[in-house]
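Colleague: Handing you a structure now.
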Amino acid sequence: MKLESKRLEICPINLRHKEEIFEYRKDKEANKYQSWIPENLESVETFINKVHPKVDVPDTWFQVVIIEKNLGKVIGDIGIHFLEEESQQVEIGYTLHQSFQGKGYATEAVERVIDYIFMDLNKHRITASLDPENIKSIQLLERIGFRKEAHFKESLWIDGKWVDDIIYGMLKKEWKNR
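So this note's numbering is basically just the index in the sequence shown, starting at one, shifted up by 96.
So this is what it looks like as structure tokens:
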């Protein structure tokens, strides 16, 4: 799998990306809404080695990196969770290097991956799970046509406390008609 957009290349994660991933993923403040913040390069290697090597395998996560074409630099990553339910639904999550936020890169990357999921993989529905305080991510999803489907109170145990979780979703027909 290799995807391209105007400014980006999106390809499967691998060990050659570990230093660049560690660079933006280790920032605890910038990634405060993420469930994984690596402490060292070894934890990045472990993460990469746990990612399923094939796309569209039920009950697995497939991870891609976002590469800025002009710089040839990894600036973020997107996880695609292929759910078991008839293999027609996926969940996505994304992280972008703080220095590249606010420039349209996340929108460009997420839109390209969504197009791939709906048009190439022919999936029916995509969801995203977010912390309700993650306003930038919520705005991104709403801007590209996702709708809020649920708000679960204190439903996740993260870093020793119960936190809320909101779910955004989109159907293939909504993506095609937007």
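Using N, Cα and C, we set each Cβ at its ideal position, and we do this for glycine too. If you're wondering where the values come from, they're calculated on a predicted model, not measured in any experiment.
In terms of DSSP beta bridges, what is residue 248 paired with?
Modeller: In DSSP, residue 248 forms a bridge with 261.
Colleague: Quick one, which of 220, 123 and 266 has its alpha-carbon nearest residue 183's?
Modeller: Among 220, 123 and 266, the Cα nearest to that of residue 183 is on 220.
Colleague: Skipping 5 residues on each side, what residues in its chain have a beta carbon closer than 6 Å to that of residue 258?
Modeller: Contacts found: 250.
Colleague: Just to confirm my understanding: we take residue 127, look at its own chain, exclude 5 residues before and 5 after, and list those with CB closer than 7 Å. What are they?
Modeller: Correct list, in chain order: 121, 133 and 191.
Colleague: How would you call residue 178, buried or exposed, if buried means at least 16 neighbouring beta carbons within 10 angstroms?
Modeller: Answer is buried; the Cβ neighbour count reaches 16.
Colleague: State the beta-bridge partners of residue 106 as determined by DSSP.
Modeller: Note: residue 106 sits in a beta bridge opposite 99 and 162.
Colleague: Tell me the DSSP bridge mates of residue 225?
Modeller: Answer is 263.
Colleague: Evaluate the contact criterion for the stretch 151 to 166 versus the stretch 106 to 122: three or more CB pairs, one atom per stretch, below 8 Å.
Modeller: The answer is yes - the stretch 106 to 122 touches the stretch 151 to 166, with three or more Cβ pairs under 8 Å.
Colleague: In chain order, what residues of the same chain have a beta carbon less than 7 Å from the beta carbon of residue 270, not counting five sequence neighbours either side?
Modeller: Here the set comprises 241.
Colleague: Residues bridged to residue 177 by DSSP?
Modeller: 157 and 187, per the DSSP bridge assignment.
Colleague: Any chance the stretch 170 to 177 sits against the stretch 202 to 219, with 3 or more Cβ pairs inside 8 Å?
Modeller: Yes, the stretch 170 to 177 touches the stretch 202 to 219.
Colleague: Measuring alpha carbon to alpha carbon, tell me which of 247, 104, 236 and 199 ends up nearest residue 188.
Modeller: Considering only alpha carbons, the answer is 236.
Colleague: Assuming residue 147 contacts residue 118 (C-beta within less than 8 Å), just tell me the rounded distance between them.
Modeller: Not a contact, Cβ separation roughly 15 Å.
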